[in-house]
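Engineer: Keeping their order, the protein sequence lines are chains D and C. The first sequence begins at 2 in our numbering and counts up by one. The second sequence begins at 2 in our numbering and counts up by one. Cβ coordinates follow ideal geometry from the N, Cα and C atoms, glycine included. Please find one structure pasted underneath; my questions will follow.
2 protein chains.
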Amino acid sequence: MIQPWKQKNDHIAYDCGFFQVHVQQSASPVTDKEHPFYVLHTWDWVNVIALTDDGKIPMVYQYRHGSKEFSLEIPGGAVDKKDGDALEAAQRELLEETGYEAREWHSLGKLKPNPAILNNTCHIYLALGAKKVSDLDLDEAEELEVRLHELPEVKQMMRKGGIQHALVIAAFELFDLFQESNPRLFKS
Amino acid sequence: MIQPWKQKNDHIAYDCGFFQVHVQQSASPVTDKEHPFYVLHTWDWVNVIALTDDGKIPMVYQYRHGSKEFSLEIPGGAVDKKDGDALEAAQRELLEETGYEAREWHSLGKLKPNPAILNNTCHIYLALGAKKVSDLDLDEAEELEVRLHELPEVKQMMRKGGIQHALVIAAFELFDLFQESNPRLFKS
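Put into structure tokens, the structure is as follows:
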């Protein structure tokens, strides 16, 4: 039976404010030999699939500085100190990034963005009965376009490479599974 | 129409050998004001959904140092200098981590693990006709168990939170889309 590694020490080697790089020396449960592991500590994240009553999904199109490309995504962001919990963060991010509110919220599950090198969790929500109620309220370094798409268009973009963000594609897999388990919510 | 940001400079603030933290000052195309962005540069990754002729998927169960939990995943890893391309890396990782080879390989697409803070791409492959041909060949800091699961079990674990790795769940969404587009490959 496979065992967890034993952490021997931990120090922060770099901190940019958004994440800290931890260097952790851990010992193998099999050989007892130590190896260094490099782990980013950061806030939890949230992502929201919102659905209007006429089947539109508000999505955000923005320039991403990691990939140096534009990326079509569902709204989301970091769980902030001012958020009571992940659901509140999801409601805030949906409103700030798209101007939408929703009638009914469901958890679609939790993702580990990368359990090998990140310590955080991304909480995925479904927001039904979404409706535009206000203008966007963006951070200074955020510039984005809201685009409405229907689910078959989203699937086609995932198939063709027009949507590549792993957290977004994983969120739609969780949505598929939720729909299968809750068919009555999606009767049209 | 939304525009890309203009990068003004770039320096490496931290390098652990597995990734480099780049600090990039970029100017908004709207306000021309500069902001710092923190981007991790690392190798491309590969992940493989392998399928035996009797419908089993070899998966790897291992301790992950980011989440400090065990994680059930599909085999994969980094594209190495010794790999000619991503497909070769996928074939190598499948063999090393599970001891399986496969008859027929298909690309399921490319994921951006996190286009906000990572510069890399994860290449997803489907390996049909997978067959155990050898023992595992693991790195010194790798300890894992190979577990065989059928697709309905995998879906159930994703639904219940037993599988949470975002890249793994995204890979199964790409697999669903591929199956819909290529039904003849999956006739039983």
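Report yes if the C-beta distance between C:Ala-91 and C:Tyr-126 is below 9 Å; otherwise report no.
Structural biologist: yes
Engineer: Report the option in D:Pro-116, D:Glu-98, D:Glu-181 whose CA atom is closest to the CA atom of D:Leu-139.
Structural biologist: Restricting attention to D:Pro-116, D:Glu-98, D:Glu-181, the CA atom closest to the CA of D:Leu-139 is found in D:Glu-98.
Engineer: If you compare alpha carbons, which of C:Phe-173, C:Met-159, C:Glu-146, C:Glu-174 is closest to C:Tyr-62?
Structural biologist: C:Glu-146
Engineer: Do C:Ala-51 and C:Leu-95 have their C-beta atoms within less than 9 Å of each other?
Structural biologist: yes
Engineer: Which residues in chain D have a C-beta closer than 7 Å to the C-beta of C:Val-31? List them in chain order.
Structural biologist: Glu-144
Engineer: Rounded to whole angstroms, what's the CA-CA distance from D:Ile-75 to C:Ser-135? Just pull it up for me.
Structural biologist: Their backbone Cα atoms lie some 42 Å apart in a straight line.
Engineer: By the 10 Å Cβ neighbour count, where 16 or more other Cβ atoms means buried, how is D:His-66 classified, buried or exposed?
Structural biologist: buried
Engineer: Starting from D:Ala-172 and walking both ways along the alpha helix (DSSP H), at which residues does that stretch end?
Structural biologist: Run containing D:Ala-172: 167 to 182, per the alpha helix (DSSP H) assignment.
Engineer: Would you report the Cα separation of D:Tyr-15 and D:Gln-21, rounded to the nearest angstrom?
Structural biologist: 6 Å
Engineer: On the CB-based measure, 16 or more other CB atoms within 10 Å of its CB, does D:Pro-184 come out buried or exposed?
Structural biologist: exposed
Engineer: Alpha carbon to alpha carbon, how far is D:Ile-3 from C:Tyr-64?
Structural biologist: 8 Å
Engineer: Should D:Asp-11 be labelled buried (16 or more other beta-carbon atoms within 10 Å of its own) or exposed?
Structural biologist: exposed
Engineer: Do you know whose CA, among C:Val-80, C:Trp-106, C:Ala-171, C:Lys-113, lies nearest D:Leu-112's CA?
Structural biologist: Nearest to D:Leu-112 by C-alpha distance, out of C:Val-80, C:Trp-106, C:Ala-171, C:Lys-113, is C:Ala-171.
Engineer: So C:Leu-152 and C:Gly-100 are in contact, right, with Cβ under 8 Å, and what is the actual spacing, rounded?
Structural biologist: Wrong, their Cβ atoms sit about 21 Å apart, outside the cutoff.
Engineer: With DSSP run on the structure shown, which of helix, strand or coil describes D:Gly-153?
Structural biologist: Sequence check: residue 153 of chain D is Pro here, not Gly. Correct three-state label for D:Pro-153: helix.
Engineer: Measuring alpha carbon to alpha carbon, tell me which residue in D:Ser-68, D:Asp-81, D:Trp-106, D:Arg-93 is nearest D:Thr-53.
Structural biologist: D:Trp-106
Engineer: Does C:Arg-93 have its Cβ less than 9 Å from a Cβ in chain D?
Structural biologist: So no, C:Arg-93 is outside the interface.
Engineer: Could you run through the stretch 142 to 168 of chain D and flag, in chain order, every residue whose CB is less than 8 Å away from some CB of chain C?
Structural biologist: Ala-142, Glu-144, Leu-145, Glu-146, Lys-156, Met-159, Arg-160, Gly-162, Gln-165, His-166, Ala-167, Leu-168
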